[in-house]
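Numbering (this note's numbering), first residue to last: 129 to 468.
Everything below concerns the one structure shown next.
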């Protein structure tokens, strides 16, 4: 990620992304739309229960009472305005980035990693600018880019559906010359990116995903997973050290034989994660139909199936020529796993 901050664009669900903080759009009366009810524990659209008394002179507020350890910070944005200018939404985005980035740095131990913040295309829904996506994005994206750079954080602009995603990507392409989005990458890597993009557009790219894709979502890699399973099963450290020279699958086989009844449940707990990471969202947003993974978790499936997109998982589901599919070489959580 860029040292001075970078703006990413994905097609997905902003409320489900693994990040440090995200912005939930509302209005001055704290109304929550149906799309975001589940994120604040509401069963239907309405006024937020336990809401702050006022906006305290701000356009964004951190929800203290919904702060849960291990979950992204949740911020409310006073977005809804009838007839508001594009600058109104740009100002709200910039304020969220400034205040959320500061709070993330103050409240977490890892201050060296840039905060990862997320927002949807604010103003494009009930905010009233859906009919002018181009004008909204042309104002919003530069504001997000400048704020990310100033506050040294990464920001994910999450669209919902192919139309808005295409509009956001087109708007960013128009801005690239003025804002130099990729200055932190050497020219050789930029060329690799261009080549991969061309292959994706031409339908010639197959994405192969390993354990590193899910690490940012809190899923441990092989070595860490086996250590976690061993600790969960109460295996003495001396016994874990004795099998470390073995292939990871052989290590798993030893643990399974020693703790057959508890092993599967320990694996499930060790791989527990429910929020796709940024990388899941980026890969799922590619114009690619064929994906292969050695991962057991279901995070890529969650990312790839947002906005009514379909994904066939193999083995287990029939595949047709036009399908977008994921081949899971080692199986999947809740089913047979090729861990041992």
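Glycine is no exception: its CB is placed at the ideal position from the N, C-alpha and C atoms.
Contacts around residue i, its chain only, beta-carbon distance under 8 angstroms, and the 5 residues preceding and following it disregarded
i, result
"residue 172", "162, 165"
"residue 338", "421, 422, 423"
"residue 351", "376"
"residue 203", "149, 150, 151, 152, 188, 189, 190, 191, 224, 227, 228"
"residue 250", "151, 153, 205, 207, 217, 220, 221, 268"
"residue 315", "none"
"residue 447", "440, 453"
"residue 382", "371, 374"
"residue 170", "160, 176, 177"
Helix, strand or coil at residue i [DSSP, three-state]
i, result
"residue 365", "helix"
"residue 381", "helix"
"residue 428", "helix"
"residue 420", "strand"
"residue 201", "strand"
"residue 129", "For residue 129, the predicted model reports a pLDDT of 41, less than 50, meaning its position is unreliable; a value from the coordinates is still stated below. Three-state result, residue 129: coil."
"residue 137", "strand"
"residue 434", "helix"
"residue 143", "helix"
"residue 375", "coil"
"residue 206", "strand"
"residue 395", "helix"
"residue 454", "strand"
"residue 341", "helix"
"residue 211", "coil"
"residue 469", "Past the boundaries of the shown model lies residue 469; the chain is included only from 129 to 468, so the question cannot be answered."
"residue 232", "helix"
"residue 334", "strand"
Same chain, Cβ closer than 6 angstroms to residue i, five either side skipped, listed in chain order
i, result
"residue 394", "357, 360, 361"
"residue 457", "422"
"residue 275", "222, 225"
"residue 206", "156, 183, 187"
"residue 342", "423, 425, 427"
"residue 353", "398"
"residue 178", "193"
Nearest-angstrom Cα separation, counted from residue j out to residue i
i, j, result
"residue 398", "residue 387", "15 angstroms"
"residue 420", "residue 460", "12 angstroms"
"residue 390", "residue 376", "19 angstroms"
"residue 297", "residue 236", "32 angstroms"
"residue 231", "residue 219", "18 angstroms"
"residue 344", "residue 406", "8 angstroms"
"residue 454", "residue 180", "44 angstroms"
"residue 325", "residue 416", "10 angstroms"
"residue 277", "residue 304", "14 angstroms"
"residue 380", "residue 425", "17 angstroms"
"residue 137", "residue 252", "15 angstroms"
"residue 322", "residue 175", "46 angstroms"
"residue 363", "residue 418", "40 angstroms"
"residue 198", "residue 185", "29 angstroms"
"residue 313", "residue 145", "25 angstroms"
"residue 451", "residue 437", "11 angstroms"
"residue 302", "residue 240", "31 angstroms"
"residue 320", "residue 271", "28 angstroms"
"residue 331", "residue 259", "31 angstroms"
"residue 378", "residue 365", "17 angstroms"
Sequence-distant residues of its chain with Cβ nearer than 7 angstroms to residue i (five each side left out)
i, result
"residue 431", "140, 404, 408, 409, 412"
"residue 396", "461"
"residue 333", "324, 327, 416"
"residue 200", "147, 148, 149, 150"
"residue 329", "415"
"residue 433", "439"
Residue i vs residue j beta-carbon contact at 8 angstroms
i, j, result
"residue 143", "residue 150", "yes"
"residue 292", "residue 318", "no"
"residue 281", "residue 227", "no"
"residue 247", "residue 194", "no"
"residue 245", "residue 196", "no"
"residue 212", "residue 265", "no"
"residue 429", "residue 439", "yes"
"residue 346", "residue 295", "no"
"residue 273", "residue 135", "yes"
"residue 133", "residue 242", "yes"
"residue 288", "residue 435", "yes"
"residue 263", "residue 336", "no"
"residue 368", "residue 355", "yes"
Below-8 angstroms beta-carbon distance, residue i vs any chain B residue
i, result
"residue 326", "The structure shown contains no chain B, having only a single protein chain."
(Q) Ignoring anything shorter than 4 residues, give me the alpha helix (DSSP H) runs that lie fully in the stretch 236-322, in order along the chain. (A) Taking only runs of at least 4 residues, the alpha helix (DSSP H) segments lying wholly in the stretch 236-322 are 261-278, 290-307.
(Q) Runs of 3 residues minimum, wholly inside the stretch 148-193: which ones carry the beta strand (DSSP E) assignment? (A) Listed in chain order, the beta strand (DSSP E) runs fully inside the stretch 148-193 are 149-154, 188-190, counting runs of at least 3 residues.
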